[in-house]
Amino acid sequence: MARVLVVDDESLVRVLVADTAGGMGHEVLAAASLAEAEEKAAKGIDVVFLDVLLPDGNGLENVARFTRLPGTPEVIVITGHGSADGAEAALRHGVWDYVQKPLKVQEVMLSLSRALAYRAGRNSTTGRRPLRREAIVGDSPALREALDLVEEAAASTVNVLITGETGTGKELFARAVHANSARSDRPLVTLDCASLTENLVESQLFGHVRGAFTGAERNSEGLLRQAHGGTLFLDEAGDLPLAMQGSFLRALELRRFRPVGSAHEVSSDFRLVAATNKNLHELARLDLFRSDLLYRLRGLTITLPPLRDRASDILPLCEHVIEGYCAQHGAPMKQMAGDFMETVERYAWPGNIRELRHAVERACTAAHDDSTLYARQLPVEVRVTVARATIPCASEVDHCMPAAEGHDGTPMTLRDYKACAERAYVTRLLDRHGADVRAAASEAGISRGHLYELVRKHGLARDGN
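Right, dumping it as structure tokens:
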């Protein structure tokens, strides 16, 4: 018996899901809001049916909250009737499935049964080794979804396409697929398409025989043959020369090819993992990439999340980089100061993990023998970007400042003006943070005691404060 939670503000929807899942022998909990759902899920849930439009928030924007609940449940989103955009958005948020309103009993039963079957297989540990992460750091929901796909890919022999922005760790994931596969004791051969030499690309891929061209003084196997029995990692696949894509597609389909200058074909039993930061579908639409090759590459697609979608992984990644730097340089472990942690968490990291690693290593270098890292040791570009995002522009400041005249139109003294500005500032601070005194004091850069003093001074005490 599984525990199923349905979150919808329509009572008819809650009743239908409850009756359907209950009739299948499962325990069902129902909630009309996000807050009520979190409260009812405290003891663990297996599957959540989640509506999109709820009284206290958007269901899709809160998928991560539910996947972090006790039991790490599968999420099935309830979308509006005929909403293709809603279905696409649901799948892009990493949910297990979606069902459309008006709900049909058979569709609810089928989606629930599939989710529970997948869950049972995922949770089974019989005969399975722990996943080798290959230096992949973090435990955010977005990263866990990608790692689940690594495990799925490693257990099969299908071609794998890894997509994601520059610096998201595509090569690490390719290595993880290989390291967890049945071919892990055989070579992983990397083919960097961005660095292929145009006039020698065929030789680099397929090899050549002696005398095939000027300078070919001996036979060469080529990268495809070197990957025999193991994995071929096609990095920057979007940069594979268009003229070579047909030959590569044939080699991929037949696992046979002819070295340059040879009269005979050779075979190679390799498993393909490709990676790209480009939109191959768009390149195919523009006739810059063969669509038939694209279909071959994407047997199983792993889309890596950008670092901005992995906020909870930023500090663990920093610790990992610091630990590696200190070990490499024989230095004592360095700690992160509060302003350092605040800055790295506020920065968007457009260059993703690669940019973060370089920034943290630069901070370690700038710290010399200091045991603590501070924000001032981070690259100035990082600090300036964070500062610009947190300092209001002049128009915002002018709008928020009190007038320099009193109610009767007479000029205010500097002392009265300062008091008026201080009161306006504290009022806006309380409006933003409500009863969260810790957050308000942190933003103002003062202690909670000082904030309480200002609240009393200006008569701004509110209910609950």
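In terms of my numbering, the sequence shown is residues 536 to 1000.
Yeah, the Cβ is synthetic: ideal placement off N, Cα and C, and Gly gets one too.
What you are looking at is a predicted structure, and each value in this text was computed from that prediction instead of being measured.
Inset, instruction - Look up ALA810 in the DSSP assignment and give the residues it is bridged to. - result: ILE697
Inset, instruction - Buried or exposed for SER730, please, with buried defined as at least 16 other CB atoms from any protein chain shown within 10 angstroms of its CB. - result: exposed
Legend entry - Sequence-distant residues of its chain with Cβ nearer than 6 angstroms to GLY886 (five each side left out): GLY702
Legend entry - MET536 versus LEU564 - alpha carbon distance: 13 angstroms
Legend entry - Inter-residue Cα distance where the pair is GLU700 and LEU839: 8 angstroms
Legend entry - Length of the line joining the Cα atoms of ASN558 and ALA577: Correcting the residue type first, residue 558 is Gly in the shown sequence and not Asn. Computed Cα separation, rounded: 24 angstroms.
Legend entry - 3-residue-minimum beta strand (DSSP E) runs that sit fully inside the region 721-803, ordered along the chain: 723-727, 766-770
Legend entry - Beta-carbon proximity list for ARG718, same chain, < 8 angstroms, skipping 5 on both sides: GLY764, GLY765, THR766, ARG806
Legend entry - Backbone secondary structure at ARG538 - three-state DSSP: strand
Inset, instruction - Please state if the CB of PHE708 and the CB of PHE792 are separated by a distance shorter than 7 angstroms. - result: no
Inset, instruction - Using the Cα positions of ALA974 and TYR960, report the straight-line distance between them to the nearest angstrom. - result: 15 angstroms
Legend entry - Classification of VAL915 by the beta-carbon crowding that lies within 10 angstroms, buried from 16 upward: exposed
Inset, instruction - Could you give the DSSP three-state label for GLY671: helix, strand or coil? - result: Note that residue 671 is Ile in the sequence shown, not Gly. The answer is coil: DSSP assigns ILE671 none of H, G, I, E or B.
Inset, instruction - Kindly give me the distance between the Cβ atoms of CYS853 and MET871, rounded to whole angstroms, as I take these residues to be in contact under 8 angstroms. - result: 6 angstroms
Legend entry - Contact set for GLU931: own chain, Cβ-Cβ below 6 angstroms, skip 5 residues either direction: Its pLDDT being 47, under 50, GLU931 is placed unreliably by the model, and nothing is read from it.
Legend entry - Reference SER803, options SER847, ALA862, VAL724, closest by Cα: VAL724
Legend entry - Separation of LEU777 from LEU821, as counted between CA atoms: 12 angstroms
Inset, instruction - Could you please give the first and the last residue of the uninterrupted alpha helix (DSSP H) stretch that includes THR602? - result: 598-602
Inset, instruction - For PHE584, write down the residues that DSSP places opposite it in a beta bridge. - result: VAL541, ILE611
Inset, instruction - In angstroms with no decimal places, state the Cα-to-Cα distance between LEU678 and VAL879. - result: 19 angstroms
Inset, instruction - Starting from the C-beta of ILE857, find all residues in its chain whose C-beta is less than 8 angstroms away, skip the five residues before and the five after it, and write them out in chain order. - result: MET868, LYS869, MET871, VAL895, CYS899, LEU908
Legend entry - Inter-stretch contact (C-beta, 8 angstroms, three-pair minimum) for the region 808-815 and the region 766-775: yes
Legend entry - Selected residue, minimal CA-CA separation from VAL990, among ARG668, THR962, VAL643, GLY704: THR962
Inset, instruction - Closer than 6 angstroms by C-beta to ARG538: which residues in its own chain qualify, once you throw out the five before and the five after it? Chain order, please. - result: GLU562, ILE580, ASP581
Legend entry - Test item: CB-CB of VAL542 and ALA570 under 7 angstroms: no
Inset, instruction - Taking the CB atoms as reference points, tell me whether ARG881 and SER675 lie closer together than 7 angstroms. - result: no
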